[in-house]
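> Handing you this structure, nothing more for now.
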Amino acid sequence: MSKAKRNIQQVVIASHPKMSGVTELAGQVRAFLEERGVSVCVCTTNQADLSQKLAEDKFNLMIAIGGDGTMLRAGHLTAPFGVPLLGINMGRFGFLMQLARDEWQDYLPRLLSGDFKIENRMMLKAEHWRKEQLLDTFQVINEVVVCRGQVVRPIRIRAEVDGYSLASYVADGLIAATPTGSTAYALAVGGPIMPPELRNILIIPVAPHLSMDRAVILPAGASVNVFASSDHQAVMSIDGHAPVLLKNDDRVMITASDSATQVILTVSK
Numbered sequence: 004m005s006k007a008k009r010n011i012q013q014v015v016i017a018s019h020p021k022m023s024g025v026t027e028l029a030g031q032v033r034a035f036l037e038e039r040g041v042s043v044c045v046c047t048t049n050q051a052d053l054s055q056k057l058a059e060d061k062f063n064l065m066i067a068i069g070g071d072g073t074m075l076r077a078g079h080l081t082a083p084f085g086v087p088l089l090g091i092n093m094g095r096f097g098f099l100m101q102l103a104r105d106e107w108q109d110y111l112p113r114l115l116s117g118d119f120k121i122e123n124r125m126m127l128k129a130e131h132w133r134k135e136q137l138l139d140t141f142q143v144i145n146e147v148v149v150c151r152g153q154v155v156r157p158i159r160i161r162a163e164v165d166g167y168s169l170a171s172y173v174a175d176g177l178i179a180a181t182p183t184g185s186t187a188y189a190l191a192v193g194g195p196i197m198p199p200e201l202r203n204i205l206i207i208p209v210a211p212h213l214s215m216d217r218a219v220i221l222p223a224g225a226s227v228n229v230f231a232s233s234d235h236q237a238v239m240s241i242d243g244h245a246p247v248l249l250k251n252d253d254r255v256m257i258t259a260s261d262s263a264t265q266v267i268l269t270v271s272k
């Protein structure tokens with residue numbers, strides 16, 4: 004956690020493309036900021052050129068308006084460029100969002116005066132390997148899930164940590180979560196809540212059958228390899244995105260990422 008030293012002069016507001024009410028709220032936030040001399044760009048999180056705009060180092064802050072999915076999308080966009088992120092919740096749960104929809108008018112003046120801190124949230128890097136070929140690399144804010152596909156039968160999963168066997172599972176899936184993700188899917192299957200400033204990986208199975216059913220918190224710097232085998236279908240999903248099909252003995256390698264999601268802390272006075 005660090006005290007912010009930057010002035011908030013240029014802000015991009017990124018909203019959910021379809022959620023009811025977000026366009027109106029984005030307009031209200033824009034008007035509020037512009038009245039106070041801030042340059043504002045308004046877009047949706049799926050706008051094609053948004054990543055390029057962030058890469059041009061134009062913005063001091065992104066304000067995400069929507070739900071947790073919007074915050075995840077915004078985090079994936081901002082993390083590579085070190086742009087801090089503030090979320091205004093318009094969704095149902097809003098675990099990742101810092102402000103409720105009726106709190107932003109009270110908080111933004113404090114933000115503009117420099118009264119805020121930035122917290123660096125650990126991210127994961129997930130690599131999809133098939134034998135010796137790297138097929139794809141993903142950046143992860145919440146979790147990597149290796150799990151069964153459409154057929155409702157468990158799969159076999161093997162996990163290694165730093166080259167040593169951790170456990171073998173017959174289960175619906177296995178979650179590797181960040182501390183941020185410990186309040187998401189991992190919490191829903193009985194995992195512990197981890198302080199967000201930690202850099203540990205949480206491993207927890209989903210519906211294990213006669214297998215180890217306990218969560219494991221790995222030390223900072225650990226490397227995890229997950230192997231899945233099935234006679235029907237196994238997939239991998241990153242932060243709830245569309246699943247990636249896994250073949251038997253494909254390897255998902257999970258390590259701490261060099262990137263971090265920077266989030267604004269909205270601590271009460």
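Counted the way this note's numbering counts, the sequence shown spans residues 4 to 272. Ideal Cβ positions, reconstructed from N, Cα and C, are used throughout, including at glycine.
1. Please identify the residue among Ile-11, Ser-54, Leu-28 whose C-alpha is closest to the C-alpha of Glu-106.
2. With a threshold of 7 Å (Cβ to nearest heavy atom), would Leu-53 be considered close to the ligand SAM?
3. Trp-107 bridges to which residues according to DSSP?
4. Buried or exposed: Ser-116, going by 16 or more other Cβ atoms within 10 Å of its Cβ?
5. Under 7 Å Cβ to Cβ from Asn-123, same chain only, skipping five residues before and after it: list those, please.
6. Please work out which residues of its chain come closer than 6 Å, Cβ to Cβ, to Val-273, disregarding the five sequence neighbours upstream and downstream, and give them in chain order.
7. Over the uninterrupted alpha helix (DSSP H) stretch that includes Gln-13, give me the two end residues.
8. So what's Lys-56 in DSSP terms, helix, strand or just coil?
9. Tell me where the beta strand (DSSP E) around Phe-141 begins and ends.
10. How long is the line joining the alpha carbons of Ala-67 and Glu-38, rounded to whole angstroms?
11. Report the start-end ranges of each alpha helix (DSSP H) in the region 66 to 122 that is 4 residues or longer and not cut off at the edges.
12. Quick one, which of Val-247, Lys-21, Pro-222, Asn-203 has its alpha-carbon nearest Gly-94's?
13. DSSP has Gln-265 in a bridge; who is on the other side?
14. Looking at the secondary structure, which residues open and close the beta strand (DSSP E) in which Glu-37 lies?
15. By DSSP's criteria, Lys-128 is part of a beta bridge. Which residues make up the other side?
16. Does Ala-180 come out as helix, strand or coil in the three-state DSSP assignment?
17. Going by Cα to Cα distance, which pick from Val-32, Val-143, Gln-12, Gln-55 is closest to Ile-204?
18. With a threshold of 7 Å on Cβ separation, who are the neighbours of Lys-8 within its own chain once the five nearest residues in sequence on each side are excluded?
19. So is Ser-18 buried or exposed if we call it buried at 16+ other beta carbons inside 10 Å?
20. According to DSSP, simplified to helix, strand and coil, what is Leu-221?
21. Can you give me the C-alpha to C-alpha distance between Leu-221 and Ala-51, rounded to a whole angstrom?
22. Measure how close the beta-carbons of Arg-98 and Ile-241 come, nearest whole angstrom, since I'm counting them as under 8 Å.
23. Considering just the uninterrupted stretch of the beta strand (DSSP E) at Ala-237, what are its terminal residues?
24. Could you give the distance in angstroms between the alpha-carbon of Ile-257 and the alpha-carbon of Gln-153?
25. Flag this pair as yes or no: are the beta carbons of Ala-231 and Ala-237 separated by less than 8 Å?
26. Which word fits Phe-96, buried or exposed, when buried means at least 16 other C-beta atoms lie within 10 angstroms of its C-beta?
27. Answer yes or no: do Asp-165 and Ser-260 have a C-beta to C-beta separation smaller than 8 Å?
28. Once DSSP output is grouped into helix, strand and coil, what is the label at Thr-47?
In short, the structure shows the following:
1. Leu-28
2. Ligands in the displayed structure: none, and consequently the ligand SAM is not present.
3. In DSSP, Trp-107 forms no bridge with anything.
4. exposed
5. Ala-263, Gln-265
6. In the structure as shown, the chain starts at 4 and stops at 272, and residue 273 therefore has no counterpart that could be examined.
7. Counting along the chain, Gln-13 falls outside any alpha helix (DSSP H), though it belongs to the beta strand (DSSP E) covering 13 to 18.
8. helix
9. 136 to 143
10. 20 Å
11. 71 to 81, 107 to 115
12. Lys-21
13. Asn-123
14. Per DSSP, Glu-37 belongs to no beta strand (DSSP E); it is in the alpha helix (DSSP H), 25 to 37.
15. Gln-142, Thr-258
16. strand
17. Val-143
18. Confidence is the limiting factor: at Lys-8 the pLDDT is only 47, short of 50, which leaves the residue's position unreliable and the question unanswerable from this model.
19. buried
20. strand
21. 37 Å
22. In the sequence as displayed, the identity of residue 98 is Phe instead of Arg. With 8 Å as the limit, Phe-98 and Ile-241 do not qualify as a contact, their Cβ atoms being about 18 Å apart.
23. 237 to 241
24. 24 Å
25. yes
26. exposed
27. no
28. strand
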